[in-house]
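Participant:
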Amino acid sequence: MNAPTLPPIDTAALFSALAEVLPKGALLTTIEQMRPYECDGLSMYRRLPLCVALPQNEAQVAAVLRICNARGVPVVARGHGTGLAGGALPEEGGVLLSLARLNRILELDPLARTARVQPGVRNLAISEAAAPHALYYAPDPSSQIACSIGGNVAENSGGVHCLKYGLTVHNVVAARVALADGEIIELGGEAPDAPGYDLMALLVGSEGLLGVVTEVTVKLLPRPQLARVVMACFDSVEKAGQGVAAIIAAGIIPAGLEMMDKLAIEAVEDFVKAGYPLDAEAILLAESDGTPEEVANEIERIEAVLAASGATAMRTSKDEAERLKLWAGRKAAFPAVGRITPDYYCMDGTIPRRHLGDVLRQIAGFSDEFGLRCANVFHAGDGNLHPLIFYDANKPGDLEKAEAFGNKILDLSVAVGGTITGEHGVGVEKIDAMCTQFHSRELTAFHAVKAAFDPKGLLNPGKAVPTLHRCAEMGRMHVHAGKTAHPELPRF
Amino acid sequence: MSDFIDQAQARIRAAHANGTPLRIRGGGSKDFFGGERVGDVLDTAGHSGVISYDPSELVLTVKAGTPLREVEATLAAAGQCLPFEPPHFGSAATVGGCVASGLSGPRRPYAGAVRDYLLGVTLIDGRGESLRFGGQVMKNVAGFDTFRLQAGAMGTLGLITEVSFKVLPRPEADETRVFASSAAEAIATMNKLAGQPLPLAAAVHRDGQLTLRLAGNPAAVSAALAKLGGDPLVDAASFWTSIREQTHPFFAGEAPLWRLSVKPTAPPLAADGIDELIDWGGGQRWLRTTLPVDAVRALAAQHGGHATAHRGVDRQHAFQPPSAAVMALHRRLKATFDPAGILNRGRLYPDF
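The structure is reproduced here in structure tokens:
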């Protein structure tokens with residue numbers, strides 16, 4: 001979003017106003033104190049804020065926002081900083097608002113199957129608290145041991161089970177939100193729906209641009225009694241892709257459906273010895289969960305479909321230990337790749353699955369073009385690709401090459417009818433690629449939605465939605481049918 | 493661009509310039525629903541047809557004037573469905589009206605609502621701009637989810653021209669069982685069962701009977717039936733259709749019909765002057781009552797929800813307004829998408 005033109009900030013007055021509403025020690029102003037907040041999970045972007053505020057409750061969050069709003073000071077909200085798109089990158093002239101200390105589970109209603117929690121509660125902690133009732137919170141982003149539910153709401157986080165169980169937007173029922181001026185509103189509710197526009201759905205995935213979540217009510221699901229996974233090997237990624245389509249065409253929605261290519265398999269085997277075959281060009285992991293009867297039936301059908309799709313070998317977990325071992329490889333894919341390259345750049349495009357073969361061939365072509373290797377890990381069920389581009393930040397020009405390679409993948413994802421980001425968010429990282437995916441008229445509408453919530457543009461400025469000016473400068477303005485949508489706007 | 497889009501854009505631009513209201517209408521099956529109907533009809537029924545559908549992608553993209561029954565037939569031929577089971581209220585019901593009204597059928601508490609299955613929406617806003625939000629892939633977090641806002645917006649934010657849905661396989665097995673039960677016991681049972689790994693697909697209580705539907709994997713359904721017992725319901729498909737389409741005897745007659753969306757564990761709401769049918773595992777209560785609007789809304793609010801008047805109530809009270817702060821956001825969003833206030837004026841809230 002557009003960084004507003006702001007009056008100069010009287011830093012000393014700001015700090016003293018904030019100190020007055022925050023507990024002792026909850027305002028960090030020295031470089032040493034603020035260093036841990038200079039980046040999130042996308043560490044290639046780093047910036048220090050003016051200060052870091054660590055409120056302990058909603059009233060303090062609202063007070064910080066009121067002070068900042070009155071003084072025109074930008075605010076960047078942050079959960080546990082595990083995001084992969086730089087969404088929590090601080091604003092140099094702004095306050096970094098950490099929600100980490102709002103970390104209590106307020107209420108768990110096993111009969112109504114909901115949990116009301118503060119935004120700093122870790123994703124996995126919700127499932128742990130629900131476990132005695134045989135319930136759990138379904139979305140399981142790979143960072144679930146560390147990531148916060150508030151951050152999940154901001155990013156609409158997914159996970160390996162979202163084909164069957166949905167994204168954050170499908171599993172959050174209500175939120176309390178502090179608007180930019182500190183006003184608290186309630187969205188959604190414990191009833192199946194709320195009156196009027198579905199602002200709860202609009203809030204999820206809005207990357208901290210519309211409000212600061214101070215409380216979240218999530219839906220809890222009955223924990224499946226059993227899960228088993230089939231690992232199937234293929235001699236080409238195309239055949240593995242056909243295997244995925246065949247499973248869906250057979251009317252099966254697996255709990256998880258993941259694919260890895262040869263380079264990813266090699267990296268993983270070298271690291272965790274999950275038992276993946278090194279001679280396969282691709283492997284699929286297809287998981288079934290539910291009642292024992294259901295799982296037995298579904299696993300049998302998955303095996304038959306994959307055999308008919310040309311799987312060269314298959315292994316099905318017989319017990320929980322074997323299931324976890326087969327998943328260990330997939331779950332360790334990122335760190336495994338991290339061991340064989342000094343740095344890697346993780347992409348997040350989603351494509352219609354029918355284009356998988358073609359897209360992977362073109363990615364291989366880009367790999368040759370830039371002279372950078374690329375391993376592919378893929379949420380195959382929902383078409384979400386994670387190409388991991390290898391580079392060396394210490395080698396001059398390598399990062400730029402990796403970014404150019406990545407942008408080509410994003411452009412390709414859009415060209416085949418997909419999106420630049422399936423689950424990581426736009427943040428600062430993919431802001432220029434937004435110019436490829438959307439016309440200026442849609443970007444204009446996003447800015448207007450932002451302004452409806454945050455008229456001064458103080459919440460997480462510069463993230464998620466690019467200015468038209470920026471798109472024009474990038475030369476990536478989406479030109480439709482040879483004419484621009486807003487010929488009246490200046491272009492540079 | 494098709495002729496329809498061009499013409500609709502031209503009409504909306506002219507209406508925007510002149511401040512003359514337009515009333516968006518597909519098949520007219522939901523004419524009865526919502527607030528006042530104001531302005532010249534903008535008919536979408538001609539804008540019909542499936543744009544793309546590949547069953548193995550689980551995505552269907554369709555023009556908004558397409559009849560819902562046509563979409564469901566197309567999906568059924570490939571063994572798939574719209575899992576939120578939208579009510580039609582007439583054979584002319586269209587996809588656009590299905591999304592705009594935001595109504596879902598009996599499977600909603602277990603499978604999700606309309607908004608959960610939206611992947612993208614193309615619309616013409618109140619200035620005549622064609623805007624494409626979301627997309628045609630399952631996971632997409634680029635941009636705000638403005639497409640989900642269209643579900644239940646009653647056409648007040650734009651004329652929906654194209655919709656992409658996530659679709660799912662039709663349940664292979666579909667069984668219904670009936671149990672004698674009081675309303676209070678039924679609510680407790682519905683909530684307890686929803687916390688267990690069972691393939692629940694619908695749960696209704698009426699006339700001393702709890703009716704449960706189990707649908708999905710055949711092995712899971714038979715295991716659940718063995719566990720739950722109960723008596724099979726003759727012609728179960730007709731029963732669920734009668735609940736979805738409001739043709740069940742409960743919905744007959746002239747008494748005002750209210751839909752209350754409440755916390756699923758809320759107690760029975762039947763009382764002197766209130767007749768109740770419990771749906772959605774306790775979360776949706778159909779009431780026949782002549783209680784004043786404010787009393788019905790207060791009852792809903794007391795149980796964590798809100799009330800919508802379906803029939804027999806002054807149309808301007810159809811929807812319960814949200815809190816003042818949230819209403820202020822509504823007004824700003826409305827002004828953003830439809831600054832002249834020409835689209836379906838009064839259909840959601842009286843002063844929109």
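Taken in sequence, the protein lines are chains A and B.
Positions 1 to 492 (this note's numbering) are the ones given, in order, by the first sequence.
Positions 493 to 844 (this note's numbering) are the ones given, in order, by the second sequence.
Virtual Cβ for every residue (Gly too), placed ideally from N, Cα, C.
Name the two residues that bound the continuous alpha helix (DSSP H) containing Y841 (chain B).
Facilitator: Counting along the chain, Y841 (chain B) falls outside any alpha helix (DSSP H), and DSSP gives it neither H nor E.
Participant: Can you tell me which of A:H379, A:E442, A:V465, A:D392 puts its alpha carbon nearest to the alpha carbon of V629 (chain B)?
Facilitator: That would be A:H379, whose Cα lies nearest to the Cα of V629 (chain B).
Participant: Looking at the structure shown, is M200 (chain A) part of a helix, part of a strand, or coil, going by DSSP?
Facilitator: Note: M200 (chain A) maps to helix in three-state DSSP.
Participant: Relative to the C-alpha of K555 (chain B), which candidate in B:R503, B:I497, B:Q794 has its C-alpha closest?
Facilitator: Ranking the options by Cα distance to K555 (chain B), first place goes to B:I497.
Participant: What are the residues that DSSP puts in a beta bridge with V218 (chain A)?
Facilitator: According to DSSP, V218 (chain A) bridges with A:A115, A:V172.
Participant: How is D608 (chain B) classed by DSSP in three states: helix, strand or coil?
Facilitator: Here D608 (chain B) sits in helix by DSSP.
Participant: Got a sec, what are the start and stop residues for the beta strand (DSSP E) H256 (chain A) sits in?
Facilitator: Looking at the sequence itself, residue 256 (chain A) is Gly, so the reference to His does not match. Residues 256-261.
Participant: Sort B:I770, B:P741, B:P842, B:F625 by Cα distance to K755 (chain B) and report the nearest one.
Facilitator: Minimum Cα distance to K755 (chain B) is reached at B:I770.
Participant: Are the C-beta atoms of G276 (chain A) and some chain B residue less than 8 angstroms apart?
Facilitator: In the sequence under discussion, the amino acid at residue 276 (chain A) is Tyr, which differs from the Gly named in the question. It does not; no Cβ of chain B falls within 8 angstroms.
Participant: Thinking L99 (chain A) and P74 (chain A) are a contact (beta carbons under 8 angstroms), I'd like their distance in whole angstroms, please.
Facilitator: Their Cβ separation, rounded to whole angstroms, is 16 angstroms, which puts L99 (chain A) and P74 (chain A) out of contact at 8 angstroms.
Participant: Got a sec, what are the start and stop residues for the alpha helix (DSSP H) A787 (chain B) sits in?
Facilitator: Its alpha helix (DSSP H) spans residues 785-794.
Participant: Per DSSP, what kind of secondary structure is G291 (chain A) in: helix, strand or coil?
Facilitator: Sequence inspection shows Thr at residue 291 (chain A); the Gly mentioned does not correspond to that position. T291 (chain A) falls in the coil class under three-state DSSP.
Participant: Under 8 angstroms by Cβ, that's how I've got V76 (chain A) and N460 (chain A) pegged, so tell me the actual separation to the nearest angstrom.
Facilitator: Right, the Cβ-Cβ distance comes to about 5 angstroms (below 8 angstroms), so this counts as a contact.
Participant: How many angstroms separate the CA atom of G86 (chain A) from the CA atom of V659 (chain B)?
Facilitator: Each residue's Cα considered, the two are about 33 angstroms apart.
Participant: Can you tell me whether G526 (chain B) is helix, strand or coil according to DSSP?
Facilitator: Reduced to three states, the DSSP call for G526 (chain B) is coil.
Participant: Are the beta-carbon atoms belonging to A194 (chain A) and L187 (chain A) less than 8 angstroms from one another?
Facilitator: Going by C-beta atoms, A194 (chain A) is nearer than 8 angstroms to L187 (chain A).
Participant: Relative to chain A, which residues along the segment 621-646 of chain B have a C-beta separation below 7 angstroms, given in chain order?
Facilitator: Those would be E621, L623, R624, F625, G627, Q628, V629, M630, K631, N632, V633, A634, G635, F636, D637, T638, R640, L641, A643, G644, A645, in chain order.
Participant: Can you say whether N394 (chain A) is buried or exposed, counting buried as having 16 or more other CB atoms within 10 angstroms of its CB?
Facilitator: With fewer than 16 Cβ atoms within 10 Å of its Cβ, N394 (chain A) is classed as exposed.
Participant: Let me check one thing: in DSSP terms, what residues is P601 (chain B) bridge-paired to?
Facilitator: Note: P601 (chain B) sits in no beta bridge, so no partner.
Participant: Rounded C-beta distance between G79 (chain A) and C147 (chain A)? I'm assuming under 8 angstroms.
Facilitator: About 7 angstroms; that satisfies the 8 angstroms criterion.
Participant: By the 10 Å Cβ neighbour count, where 16 or more other Cβ atoms means buried, how is A485 (chain A) classified, buried or exposed?
Facilitator: In this prediction, A485 (chain A) scores a pLDDT of 38, lower than 50, which makes its location untrustworthy; the coordinate-derived value is nonetheless stated afterwards. Classification for A485 (chain A): buried.
Participant: Does the beta carbon of M434 (chain A) come closer than 8 angstroms to any beta carbon on chain B?
Facilitator: Taking Cβ atoms only, chain B reaches closer than 8 angstroms to M434 (chain A), which makes this a yes.
Participant: With distance defined between alpha-carbon atoms, name the residue in A:M200, A:I248, A:G211 nearest to S548 (chain B).
Facilitator: Answer by Cα proximity: A:I248.
Participant: For a contact meaning CB atoms closer than 9 angstroms, what does F811 (chain B) contact in chain A?
Facilitator: Here the neighbours are P195, G196.
Participant: Give the straight-line distance between the Cα atoms of E493 (chain A) and R47 (chain A), rounded to the nearest whole angstrom.
Facilitator: Any property of residue 493 (chain A) remains undetermined from this structure, which presents chain A solely from 1 to 492.
Participant: Along chain A, in chain order, which residues have C-beta atoms closer than 8 angstroms to that of N836 (chain B)?
Facilitator: Simply none; closest approach about 13 angstroms.
Participant: Measure the C-alpha to C-alpha separation of Q808 (chain B) and F844 (chain B) and round it to an integer number of angstroms.
Facilitator: Approximately 11 angstroms, taken between the alpha carbons.
Participant: For my contact list, P90 (chain A) and P55 (chain A) are in at a C-beta cut-off of 8 angstroms; report their separation, rounded to the angstrom.
Facilitator: Their Cβ separation, rounded to whole angstroms, is 16 angstroms, which puts P90 (chain A) and P55 (chain A) out of contact at 8 angstroms.
Participant: Does the CB of G588 (chain B) have a neighbour CB from chain A at under 8 angstroms?
Facilitator: No, no contact with chain A.
Participant: Going by CA-CA distance only, name the one from A:D40, A:T30, A:E215, A:R176 that's closest to A53 (chain A).
Facilitator: Comparing Cα-Cα distances from A53 (chain A) to each of A:D40, A:T30, A:E215, A:R176, the minimum goes to A:T30.
Participant: Let me see if you follow: with CB-CB separation under 8 angstroms, is A452 (chain A) close to chain B or not?
Facilitator: Judged by the 8 angstroms Cβ criterion, A452 (chain A) is in contact with chain B.
Participant: Quick check: the Cα distance between V542 (chain B) and A112 (chain A), rounded to an integer number of angstroms?
Facilitator: Taking the straight line joining both Cα atoms gives about 39 angstroms.
Participant: Give the residues of chain A in contact with T757 (chain B), contact being defined as C-beta atoms less than 9 angstroms apart.
Facilitator: Those are D109, L111, A112, E190, listed as they occur along chain A.
Participant: Considering only the alpha carbon of each residue, which of A:L18, A:L468, A:Y45, A:R361 lies closest to R66 (chain A)?
Facilitator: Checked all of A:L18, A:L468, A:Y45, A:R361; the closest Cα to R66 (chain A) is A:L18.
Participant: Alpha carbon to alpha carbon, how far is D358 (chain A) from P578 (chain B)?
Facilitator: C-alpha separation (whole angstroms): 37 angstroms.
Participant: Enumerate in chain order the residues of its own chain whose CB-to-CB distance from P342 (chain A) is below 6 angstroms, with the five nearest sequence positions on each side excluded.
Facilitator: Cβ within range, chain order: D392.
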